[in-house]
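Participant: First the structure, then my questions, so here it is.
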Amino acid sequence: MEGKLSLWELSVFEFAQKHYKNDLIDMEVIGTEILNQEMIKDGQKLAPFFAAGFL
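1 is the number of the first residue of the sequence shown in the UniProt record's numbering; add one for each residue after it.
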């Protein structure tokens, strides 16, 4: 059941980011799986800076 909920969260998040366009209503979607993915994505973006700091 938890896997289905995570998949649903990610699907709604993707829809809100890519397809939902409305000037009057701002659709914000948040959940544990979304936060986890965003933190991983940000960590990957910062990895070169950490590697340069060790040199």
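From the three backbone atoms N, C-alpha and C, an ideal C-beta is built for every residue, glycine too. Predicted model, so just to flag it, every value in this text is computed and none were measured.
Report the rounded CA-to-CA distance for L5 versus L46, giving the unit in angstroms.
Facilitator: If I take the Cα positions, the gap works out to 29 Å.
Participant: Let me know if F49 comes out buried or exposed under the rule of 16 or more other beta-carbons within 10 Å of its beta-carbon.
Facilitator: Exposed, because fewer than 16 other Cβ atoms sit within 10 Å of the Cβ of F49.
Participant: Roughly how many angstroms lie between the CA atoms of L10 and L24, to the nearest whole one?
Facilitator: C-alpha separation (whole angstroms): 23 Å.
Participant: Identify whether I30 lies in helix, strand or coil by the three-state DSSP scheme.
Facilitator: Coil at I30, not helix or strand.
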